[in-house]
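Numbering (UniProt numbering), first residue to last: 1 to 302.
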Amino acid sequence: MEPKKVEEALSDENWIVAMQEKLNQFTKNNVWELMPRKPELQVIGTKWVFQNKMDDSGEIIKNKVEQPPGFEDFEYPDHVYKLKKALYGLKQAPRSWYERLSEFLMKKGYSRGKFSKVMQEEFEMSMMGELTYFLGLQVKQTTDGIFIHQSKYCNYLLKRFKMTKCKDVATPMATNCYLDLDEAGKNVDQRMFRGMIGSLLYLTASRPDIMHSVCLCARFQSAPKESHLIVVKRILKYLKGTKNHGLWYPNGSNLFLNGYSDFDFGGCKLDRKSTSGTCHLLGSSLISWNSEKQACAALSTT
1 MEPKKVEEAL
11 SDENWIVAMQ
21 EKLNQFTKNN
31 VWELMPRKPE
41 LQVIGTKWVF
51 QNKMDDSGEI
61 IKNKVEQPPG
71 FEDFEYPDHV
81 YKLKKALYGL
91 KQAPRSWYER
101 LSEFLMKKGY
111 SRGKFSKVMQ
121 EEFEMSMMGE
131 LTYFLGLQVK
141 QTTDGIFIHQ
151 SKYCNYLLKR
161 FKMTKCKDVA
171 TPMATNCYLD
181 LDEAGKNVDQ
191 RMFRGMIGSL
201 LYLTASRPDI
211 MHSVCLCARF
221 QSAPKESHLI
231 VVKRILKYLK
241 GTKNHGLWYP
251 NGSNLFLNGY
261 SDFDFGGCKL
271 DRKSTSGTCH
281 LLGSSLISWN
291 SEKQACAALS
301 TT
């Protein structure tokens, strides 16, 4: 279980060790320094975030503390920590990391054969072998190619939204489906609806087949109705029967880049705006896809 509060984490020896390891890393890397609090400066609040790091089968391999705070120093209760380096979670962190990494690589010179060794000499890294699981993406590498899928995440969504016993369907959306504001329709829990949409959008990282359906339902998050929820649940029913679908990248595919696009002319009956769909293939491998409502109303199909 992933604790929600520090008090819960402190009752588990594994989380205590993970917390101490993270604080030791901050000390080792000289991330901050303790100093008196100045009234004219705004202090940024922090909190512990606990997360289990899992392998591709869902087994816990590490207790990971992602965003540690400046802890209290009882000798200096009125002091705060001044950052010497950008800490992840801050808006400046991505650019700072990019600049740091770029500077280092330019000094060292980049070559494929020496990359891992050179990086390990400068940065603390964990070499965990062949990639099998990354941010919810399951990666299967074979001699014929690479298969990327999110079957574990599909099972999680079905369980989270109580759809494990539903009957699967053949398509993510009915061909005669039409969605509008449905102002007279029955309201549904907005938080739950948004959670379903956000979760499904994350799944589109490996499932282009649900991209259009999810993006269409996402337009009604401000005032979701029962009719909208029914369509979202159909997507989940479709996922139950296709949870093992994903992206296949075969070995030996050519490197010719091809792009395709299409749109429905005035498909939205509310504002007569069209929805565009695009996809790009490198050889026979799909590498990008998108479904997006156009910003203006098209006057023709050309």
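Cβ atoms here follow ideal geometry from the backbone N, Cα and C, with glycine treated the same way.
All figures in this text were calculated on a predicted structure; none of them were measured in a lab.
- Here the stretch 224-239 makes no contact with the stretch 263-272; the two share fewer than three CB pairs at distances below 8 Å.
- With fewer than 16 neighbouring CB atoms inside 10 Å of its own CB, Gln25 falls in the exposed class.
- Residue environment analysis places Gln150 among the buried positions, since at least 16 neighbouring C-beta atoms fall within 10 angstroms of its C-beta.
- Beta-bridge partners of Thr278 (DSSP): Ser261, Asn290.
- The beta-carbon separation of Tyr238 and Thr171, rounded to 6 Å, stays under the 8 Å limit for a contact.
- Going by DSSP, Gly252 is part of no beta strand (DSSP E) at all; its letter is neither H nor E.
- In the DSSP assignment, Val139 is bridged to Ile148.
- Exclusion of the five residues before and after Glu122 leaves Phe104 as the residues of its chain whose Cβ lies within less than 7 Å of its Cβ.
- The residues Ala86, in chain order, have a CB closer than 7 Å to that of Ser96 in the same chain once the five nearest residues on each side in sequence are set aside.
- Short of 6 Å from the beta carbon of Asn258, and not among the five residues preceding or following it, lie these beta carbons of its own chain, in chain order: Leu281.
- If you draw a 10 Å sphere on the C-beta of Phe50, you find 16 or more other C-beta atoms in it, and that means buried.
- For Asn254, the closest of Trp248, Glu33, Gly283 by C-alpha to C-alpha distance is Gly283.
- Comparing alpha carbon positions, the residue from Cys296, Val80, Leu10, Ala174 closest to Trp32 is Val80.
- Taking the Cβ atoms as the reference, Cys279 lies roughly 26 Å from Leu270, outside the contact range of under 8 Å.
- Going by beta carbons, Cys217 and Leu181 fall outside the 9 Å limit.
- Take His212, set aside five residues on each side of it, and the residues of its chain with a beta-carbon closer than 7 Å to its own are Gly277, Ser291, in chain order.
- By the beta-carbon neighbour count (other beta carbons within 10 angstroms, threshold 16), Cys154 is buried.
- DSSP, reduced to helix, strand and coil, places His245 outside both helices and strands of the structure shown, so it counts as coil.
- Counting every other CB atom within 10 Å of its CB across the protein chains shown gives Pro224 a total of 16 or more, marking it as buried.
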